[in-house]
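Only one structure is covered here, and it is reproduced in the block below.
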Amino acid sequence: MRDVDMRRDLMELAVNIANIQNAKNPKRSVKTGYKNIDKAEQKILKRNGNRERKPDVEMIKKLNAAFGGGS
């Protein structure tokens with residue numbers, strides 16, 4: 001599984017490098033790449049704007065169901 005993830009990451013990196021090299025404005029492409037990386041990180045962390053550090057309600061329900069807690 002780790003190899004698949006590594007290959008996927010390397011493929012995404014290669015695509016980003018190709019986009020930057022083929023772009024009319026490479027600096028803009030780099031900035032867009034950084035923005036996309038930040039968006040992906042925020043999506044994973046579930047920390048964006050007003051929702052920062054608030055627990056995910058669906059995850060709390062799943063945990064309560066798994067451990068027999070009432071919600």
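Numbered as in the UniProt record's numbering, the sequence shown ends at 71 without a single skipped number.
For each residue, glycine too, the CB sits at the ideal point set by N, CA and C.
Quick check: what's the CA-CA separation for residue i versus residue j?
{"i": "N25", "j": "T32", "result": "11 Å"}
{"i": "F67", "j": "E12", "result": "38 Å"}
{"i": "M6", "j": "V57", "result": "31 Å"}
{"i": "I17", "j": "N36", "result": "14 Å"}
{"i": "R28", "j": "R8", "result": "24 Å"}
{"i": "N22", "j": "A14", "result": "12 Å"}
{"i": "L10", "j": "K39", "result": "19 Å"}
{"i": "I60", "j": "D3", "result": "31 Å"}
{"i": "Q42", "j": "V30", "result": "18 Å"}
{"i": "A65", "j": "N19", "result": "45 Å"}
Entirely enclosed alpha helix (DSSP H) segments - the stretch 3 to 65, minimum 4 residues: The alpha helix (DSSP H) runs lying completely inside the stretch 3 to 65 and spanning 4 residues or more are 26 to 45, given in chain order.
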